[in-house]
Each structure stands twice: as C-alpha cells, then as structure tokens.
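So the structure is just underneath, and the comments pick up after that.
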Amino acid sequence: MRTCPTRRIVLSMLMLTAAALPARAAEPTVPVGVIANLTGSDVPSSVDMVRGVQLAADELNAAGGVQGRKIVLITEDSEYRPQAGIEAATKLFDVNKVEAAIVFGGSSVTLPIAELARPKGKVILNTSASSAKLGGYPGTLYSTLPLDDIVGAQVGAYAAKMGVKSAAFIVPNNTFGTGLMDAAAAAFTAAGGTVVRKIAYTEGQPDYRPDLQPLQRAKPDAIISAGYGDDTRTVFKAARELGITAPWYVAYPSIFAVEDPAWLNGHMSGLDNGGLDSSTGQRIKAIYAQQFKGEPRPHYFYGYDAMMLLGRAMQKGGTDAAAIKAALPLVAKDYDGATGRIEWDDRGQRINPPMDYFAFRDGKLEPIAAPK
Amino acid sequence: MIDFAIFAVTMIAIWSVLGISLHLQFGLTGLVNFGQVMPFAVGAYGAGFAAAHGLPIAAGIAIGALLTPLLGLLVIQPAGRLAQDYWALVTLGAGEIFRLTMLNVPAIAGGVEGTTVYRIADRSLAMLLALALLGAAALLARRIGRSPLGRILRVLREDETLGATLGRNPFALHRLVTVVSWTLAGLAGVLYAHVVGYLSPGAFTVGETFLIWTAVVLGGPASLPGVVLGTAVVELTAVSTRFVAQWSHLPFELTANLRLGTFGLVLVLVFLFRPDGLLREAKARSDADRR
C-alpha cells in the first residue's frame, strides 16, 4: 500500500509529539500562565515583562522549584484585544489547568480576564494595568504596580507642592489616562489648586493641536499629564508649535517620548514608580543587560516580582489557587523585591509604593529630590 | 479540555450569527457594511446599560433587541439613497461614532472603564443559548433566501435598477434587510455580553468588523453554510495555533508572531485557491431545470 509523502510527514510528526509528551509529563511540574500582548500594542514592554517572569522562574527552578516541582511557564498572546485575552485565559484555566496567571495588558484586557478568573477561583497577578476598577477583585487579582488612584493622587499633590495654582490636564482617553487624571485632579483640588481644563484625547491622532488649543486658551500655570509612546511625542510637538510654555508635571516620565529635547529642557518633571534601584533591581538589571544588550523597561521588574511572589506563595502554602491566595499576603510582607517593598491593602492592591522624582534636563531624565 | 471546547463552540456560534447578519446584507443584498460591529456593540451595550443601571437582564435584552434595528434605520436613512460605496463609508463612520460615544459618555455603561455584566456561569447553558440563536438565525436566513423576497434581494445585489424596473422599491427592501440583519447581530451582542461578563469600548473596534468580513468572505458570502464554515475556520485557526505554539517549545516572541503569520497564510491560501470562498452560492433550480 502506498502512502502519500504529506501523510507520512504528518504521521511522523504526530508520533514524535506523542513520544515527547509522556517524557515531559513524567517530570513533576507546576504550570504557571503568562498572558501578554506579544502582538498588537506596546509589545516591547510586554516582552520585557515576560523576560522578568522567565528570569524569576529560572531562579526559583534553580533553587529547587516549588515544593520540589519545576515551574513551567505557558505564555499566551492577548493581542491587546479583550476577546483574544479571554480566549487565552480560558485555554490556560481549562486546558492547561493553571491555578494562577501573570498578566500584562491594559485594563480593557485585564478586567475581563479577572471577571473570568473570579468564579473559577483562580489567581491573577497584574503587572501593568492600573485602572482603579481592578481593586474590585479582592482575593482574585493582586497587583505588583500601584493603581492609578495611588499614583494620580501623588502627581496632583506634587504639582500643588511645586506652587502651581491652576492646572490643565491632558491625557489619553483610556482607563489609564482618565483614571490618573481624575485622581490627580482630586488631589490637586484638595491641596487648593484650580483645575481650568481637562482634556482626554483620542489615541493615534497625527496632530493634537485641536485638543491643545482649548487648553492654551485656559492659560493654566502648568499642565498635568500622563501618556506614553508616540502619542506623547505628537502632543509635545503640537504644544511646541502652538507656543505653549507652561511647565509639565507628569506621571511616569520614563514612558513619555520627547519630541524636541531642547524645547522641553527644564520644562518637564514628574514621578515614576521607584524602588528599581534596590539591590535586587540592580542585580536583575545587570542580567538583562548581559542577555539582551540594553536597558530593561519597568515592566521587566514588575514581572519578576509577580513571579517571585507567586513562587514563594506556592512554596509556602501549596500550588492550588486557594493556598496561593492564603499565602500571597504573607509572603509579600517579607519580600523585598526588584521594585522595592511590596505592601498590599485588603484588596491585594499595592499601597505606599516607593516613588522616584525626575526632571528632564539636557536630553535625559535626572533624579531630583522629592518635594517637601 | 471540554470546557475550552464548549467556550470555542459558543464563540463560533455567536460570531456565526454576526456572519449570517452580514450574509443577509452583503451576500444576499449586496450592501457593503463596514460597520458590522456596530449592531453587535449596540446589543452588547443594551445588556451593559441594564447592568450599569441595575435593570433586570430581560430589560437589557429588550433594549439591545429594540435599539439595534432603530439605530440601523437611523444609519441607513442618509445612506439609503446613495451608491453602495457611500453605504460602506457611512456604516464605517457610524460604527466608530457609536464606539466613541460609549467611550466618552460614562453615564451609559461606564465609558472608558467599561462595565460588568451578569455572566452566565454555566458554560453549557451559554453554549446551548448560542447554538439556539445560531439555529434560529440560520433558519430565518434560509427562509428569506429561498422566498420571493430572497430572489428580489439577489436581483438588487446584481442590478438595483433592474429591481426598480420590476416595480420594487430598493430602499424599502434595504430597510427591511437592515432591520432583520441588525436585530440578529444585536441579539448576538446581548449574548456575547452575558457570556464574557465585562464590556468596554475596546472590544468593538473596526478590527472586529474586518474579522467578521474575513470569515464571511472566506466561507463564501452568498452561501449560508459557507458563512458558518468561514467563521468556524477563522475561530478554530486562532484557537488551534495557540496549541501548536505551546507544543513547539519555540521562544515566546517567535511563536506569537508565527501564530499570526500562520493565521494570515491560511487565509491567503484560501483566497488564492478559492476566491469565491470555501462554499459557493447554490444555483437556484427552476422548474425548467427539472424538466
């Protein structure tokens, strides 16, 4: 009997796969899910987050794994789409039987995943989304970065401490931008400041002059902003072309893209999540430089901390979700991570995070002292 | 594994209803709707509005089912007397206007933050509901396709002027098709909201419209079984490539891109070798053919 070549190849591949599977199954392992937008928006940050998770898993495995079992990461792409994120999470929970997943993605992806995880009793470790709404999943969702309400309040207070009396806001119209703006505006107003204009722009526009013109007409003492990537570059370009000279106070200056360094020199300052200069942070930063030849993005550190906390919780309590939930707050108390000490509130959300202050001078961000 | 298969079947059924909605508009009538995600989103936001305002689930279903055809009529009013190129532009714009409205008006359903919707906890029930909706949509589309109405819609698709010379009002027929097809898409949206449990404007972008178009064109826009097959192929390709990526043990950055590349390759190959779609429109048999 003759068999066509394609069929032979397919059969051989199936046999090889079948032969490989029992060998892997024989080794005791703990599957951990990782969901990241490996295609779509903000891929470099996402890739760095997975690299941080991978490094922590490697270190945990080198130290004997958790409860004598090696951690195996199963990484899924969310494509930065809620639908694909749900699909990825469903596969991880139902097919791969993971008890916990580490997630990188905006709130629009992370929230539906949390919604799916909650009734299943699974654990989510959030490394990037910052909507205050994420605090609504106590016992399911734990964050290694502070949510917008924490950081936003600090930005608003910072601007007030710098003597700003009236401020206008410009942020991207998404959960990150509007969440930060609302928290910052509340803190700024509480400190005696006046908000003269709030603008939430649609992302991906080629020109933001129409958005900035009302802001310019409001004549604020300062502009308070949040944003990231190419959009921030376009916003700065529009501001420069309109002749706006007010200083900028921003959240997360490290993710802003500067359009004209000379124009912005001395005009932008702000605060970023700190703690990255901790001994662990410096150590894993050096490993990154060795492996990937460059500077890691902040999410590398958040991913590392998420995996380390998860691994320690599994080691202490056990590898099922209920045991992980019980152990996570306990291990966090003694954990001095790559992003500093991690202190969670009752919801599993990070509070009192270390913050670093920066000013943009001579083409780069320079650390400055925190305002009194 | 069975839970994941149930989830995949549920999603295929929901997206197939959207595909059938587009089959009625484009495959049967020739209306190019580049805002097909809009009726889906309106239905979903009907459920979202009810959830955000403490209304019962039935109210959400009613809002989604009633508002969708009404908004459909509103959209086609200016586009109805224009050439079909403009129809495509108007529907594309309408879809974006709706999404941006949901994004910027938090009073409707949470704005940019989105809203939580009652989620059907029993996955099997969700699948049965999706299959029931798919069955009803398929039966309705089949009945329309085989009726005198279906025949005149095909005439409009091929030559609108010819349809008018036969004493039919093309615009009235376009309105009828819009009401029926948008209602189907709206109901699919309501069910989607209750399956997923959370809504945000990011779930209803132009990208989703083109995913539906891909499925419909792939399966064969004028063939009802083709549309369902196309949707199944698109969804199963997206799902199965996740397993291939996992089993390959290649670096994660590579598998993510290879996965999308494979997905694109499958589509390109089908378009190359089956340009009319996987299943072509069945030729209507007349009495003369039978003799």
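Quick note, the sequences are listed as chains L and P, same order.
Using our numbering, the first residue of the first sequence is number 811, and each one after it goes up by one.
Using our numbering, the first residue of the second sequence is number 2, and each one after it goes up by one.
From the three backbone atoms N, C-alpha and C, an ideal C-beta is built for every residue, glycine too.
- Hey, does L:VAL908 have any beta-carbon neighbour from chain P nearer than 8 Å? no
- Candidates L:ALA1001, L:GLY1002, L:ALA978 and L:GLY1003: closest to L:MET991 by CA position: L:ALA978
- At least one CB of chain P closer than 8 Å to the CB of L:ASN936: is that the case? no
- Task: Could you tell me how far apart the beta carbons of P:GLY231 and P:GLY221 are, in whole angstroms, since I believe they sit closer than 8 Å?
- Result: With a contact defined as Cβ atoms closer than 8 Å, P:GLY231 and P:GLY221 qualify at about 7 Å.
- Item | Limits of the beta strand (DSSP E) - the one that P:TYR193 falls within | Note, P:TYR193: premise wrong, no beta strand (DSSP E); alpha helix (DSSP H) at 171 to 197.
- May I have the straight-line CA-CA distance separating L:TYR1214 from P:ALA45, to the nearest angstrom? Not covered by the structure: residue 1214 of chain L. The range shown for chain L is 811 to 1182.
- For L:GLN1034, which three-state DSSP category applies? In the sequence as presented, Gln is not what sits at residue 1034 of chain L; that position holds Ile. The answer is strand: DSSP assigns L:ILE1034 an E or B state.
- Message: By alpha-carbon positions, which one of L:GLY946, L:ALA927 and L:ILE934 ends up nearest to P:GLU114?
- Response: L:GLY946
- Task: Quick one: grab the DSSP three-state call for P:VAL267.
- Result: helix
- Task: Could you tell me how far apart the beta carbons of P:GLY65 and P:VAL269 are, in whole angstroms, since I believe they sit closer than 8 Å?
- Result: That pair is no contact at about 36 Å.
- Query: Sorted by chain position, which residues of the same chain lie with C-beta nearer than 6 Å to L:ASN1162's C-beta, five sequence neighbours on each side aside?
  - Reply: GLU1153
- Query: Name the chain L residues that come within less than 7 Å of P:TYR199, Cβ to Cβ?
  - Reply: LEU921, PRO922 and GLU925
- Message: In whole angstroms, give me the CA-to-CA distance for P:PHE41 and P:ALA189.
- Response: 6 Å
- Query: Can you give the Cα-Cα distance for P:PHE5 and L:LEU926, rounded to whole angstroms?
  - Reply: 13 Å
- Going along the chain, which residues of the region 864 to 885 of chain L sit with their C-beta nearer than 7 Å to a C-beta in chain A? Within the model displayed, chain A is absent; protein chains L and P are what it includes.
- Task: Find the nearest neighbour of P:LEU212 within the set P:VAL197, P:VAL235 and P:VAL196, judged by alpha-carbon distance.
- Result: P:VAL235
- Task: Have a look at the DSSP bridge pairing and note the partners of L:PRO1177.
- Result: L:PHE1168
- Message: Measuring straight from C-alpha to C-alpha, what distance separates P:HIS175 and L:GLY1014?
- Response: Annotation: P:HIS175 to L:GLY1014 spans about 35 Å, alpha carbon to alpha carbon.
- Whole-Å CB distance - L:VAL974 paired with L:ALA1061, under 8 Å assumed: Contact doesn't hold; Cβ gap of about 15 Å is too wide.
- By Cβ distance below 6 Å, which residues in the same chain neighbour L:LEU1074 in space, the five residues on each side in sequence not counted? VAL1068 and PHE1170
- Message: Quick check on P:ALA249: buried or exposed, where buried means 16 or more other Cβ atoms within 10 Å of its Cβ?
- Response: The identity of residue 249 of chain P in the sequence shown is Ser, whereas the question assumes Ala. Exposed is the call here.
- Taking only the alpha-carbon atoms, compute the straight-line gap between P:ALA233 and P:TRP16 and give it to the nearest angstrom. 9 Å
- Among L:VAL844, L:ASP858, L:ASP1172 and L:GLY949, which residue has its Cα nearest to the Cα of L:GLU1105? Nearest to L:GLU1105 by C-alpha distance, out of L:VAL844, L:ASP858, L:ASP1172 and L:GLY949, is L:ASP858.
- Query: To which residues does DSSP link L:TYR1011 through a beta bridge?
  - Reply: L:PRO982
- Task: Less than 8 Å between the CB atoms is what I'm expecting for L:ILE912 and L:LEU1120, so what's the real figure, rounded?
- Result: 7 Å
- Task: Could you say which of L:ARG861, L:VAL876, L:THR1149 and L:GLY1076 lies nearest to L:THR1055 if we only look at CA atoms?
- Result: When the alpha-carbon of L:THR1055 is set against those of L:ARG861, L:VAL876, L:THR1149 and L:GLY1076, the nearest one is in L:GLY1076.
- Task: Report yes or no: is there a C-beta of chain L within less than 8 Å of the C-beta of P:SER240?
- Result: This sequence places Val at residue 240 of chain P; Ser is not what is there. At least one chain L Cβ lies under 8 Å of P:VAL240.
- Task: Measure the Cβ-Cβ separation of P:HIS195 and P:ALA48 and say whether it is below 8 Å.
- Result: yes
- By a C-beta neighbour count over all protein chains shown, 10 Å radius and 16 as the cutoff for buried, is L:MET972 buried or exposed? Exposed, by the Cβ-count rule.
- Does the beta-carbon distance from L:TYR890 to L:ASN936 come in below 8 Å? Their beta carbons are not under 8 Å apart, which means L:TYR890 does not touch L:ASN936 by this criterion.
- Between which two residues does the beta strand (DSSP E) carrying L:ALA939 extend? Looking at the DSSP string, L:ALA939 is not in any beta strand (DSSP E), and its letter there is neither H nor E.
- L:THR849 versus chain P: which residues are under 9 Å apart at the beta carbon? Think of a sphere of 9 Å around the beta carbon of L:THR849: the chain P residues whose beta carbon falls inside it are ALA257, ASN258, ARG260 and LEU261, in chain order.
- What do you get for P:THR166, buried or exposed, if any count of 16 or more other CB atoms within 10 angstroms of its CB means buried? exposed
- Would DSSP call P:ASP123 helix, strand or coil? coil
- Query: According to the Cβ coordinates, are L:VAL919 and L:LEU883 closer than 8 Å?
  - Reply: no
- Message: To the nearest angstrom, how far is the alpha carbon of P:ARG158 from that of L:GLY1053?
- Response: Using only the alpha carbons, I get a separation of about 55 Å.
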